[in-house]
Amino acid sequence: MLTYSTRDIEFLCKDSQRTKFLLNSANAPNYSTISRFLSKANNIIYELFCQFVEKLLKLSEITTETIYIDGTKIEAYANKYSFVWKKSTLKYKERLEENILQLIDEFNKYFNKELDSIFDILSFLEELKIHKVYGRGKRKSKEQLFLEKAQSYAERLNKYTNYLEILGERNSFSKTDKEATFMRMKEDYMRNGQLKPGYNLQIGVISEYIVSYDIFHILLIQKR
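According to our numbering, the sequence shown is numbered sequentially starting from 6.
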């Protein structure tokens, strides 16, 4: 399946005789003009697509008895080194929770409390208005050490929890494009199986007409 970027469409408008015919001698638009048009006309294009399919059904050009599914992977415009892996996140979160339990135990013994949440501990310590010291030769108090650990643990726990919410059923996502999932692309020029952030585009075809489409974050068709 072929997919076209706005630059590809610009090239076709300048190079293809068929697109030149459709332009009817008008100047070929550049890629930025095409991009602006697509962003503004997104809802209209979808409505026209629906009307097109309905027209094909009324003309009996297609039937809904059989539909063929074709798919391709589209690389996302995201940093390929911005990955977050579910397996690693779960492992880091598990280790962090063990450290949190240890901190809670030490805190309760030191302050003679019975708190069971890192966030409750953090609130308690922040209310103490602890005098903080920094730099060489400065000795931090036990209270300041507890506070710094609690702040670090709470921040990391929130981060990992947020990552898992974004991941959902996926195994990965990109920090620069949270909707993208890391997957192997069909165009693997280096032939090293490198995973890249992308989307899984699935298209329904009847009698060579595209009648439905959707974009997914996960691979729906698994090899057996």
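In this text, a Cβ means the ideal position worked out from N, Cα and C, and glycines have one as well. Model, not experiment: these values are computed from the prediction.
Alpha-carbon to alpha-carbon, residue j and residue i
i	j	result
Leu95	Asp75	34 angstroms
Leu206	Leu162	34 angstroms
Lys137	Ser177	39 angstroms
Asp121	Glu103	13 angstroms
Leu53	Pro202	30 angstroms
Lys180	Lys60	42 angstroms
Glu131	Lys92	33 angstroms
Ile39	Thr11	6 angstroms
Leu200	Met190	7 angstroms
Ser30	Lys19	11 angstroms
Phe112	Gly173	33 angstroms
Ser44	Gly209	23 angstroms
Val58	Ile105	57 angstroms
Beta-bridge pairing of residue i - partner residues as DSSP gives them
i	result
Thr186	Gly203
Ser211	The sequence given here has Ile at residue 211, not Ser. Tyr214, per the DSSP bridge assignment.
Minimum C-alpha distance to residue i - residue among the options
i	options	result
Met188	Ala83, Phe57, Arg12 and Leu61	Ala83
Tyr86	Asp182, Glu15 and Tyr115	Asp182
Glu213	Lys118, Ile72, Ser157 and Phe129	Ile72
Val89	Leu108, Leu27 and Glu184	Glu184
Leu27	Asn35, Leu17 and Tyr36	Leu17
Phe221	Arg23, Leu127 and Lys78	Lys78
Asn167	Leu150, Gly140 and Lys98	Lys98
Minimum Cβ-Cβ distance from residue i to chain B less than 7 angstroms
i	result
Ile72	The question asks about chain B, but that chain is absent: this structure has only one protein chain.
Boundaries of the beta strand (DSSP E) in which residue i is found, first to last residue
i	result
Tyr218	Tyr214 to Phe221
Asp121	Neither: Asp121 is in no beta strand (DSSP E) and is coded neither H nor E.
Val89	Phe88 to Trp90
Where the alpha helix (DSSP H) through residue i begins and ends
i	result
Lys85	Where Lys85 is concerned, there is no enclosing alpha helix (DSSP H), given that its DSSP letter is neither H nor E.
Lys25	Gln22 to Leu28
Where are the alpha helix (DSSP H) runs, 4 residues long or more, that stay fully inside the region 30-79, in chain order? 36-45 and 47-63
Beta strand (DSSP E) runs wholly inside the region 156-184, at least 3 long, in chain order: 177-179
Fully enclosed by the region 120-154, which beta strand (DSSP E) runs are 3 residues long or longer? none
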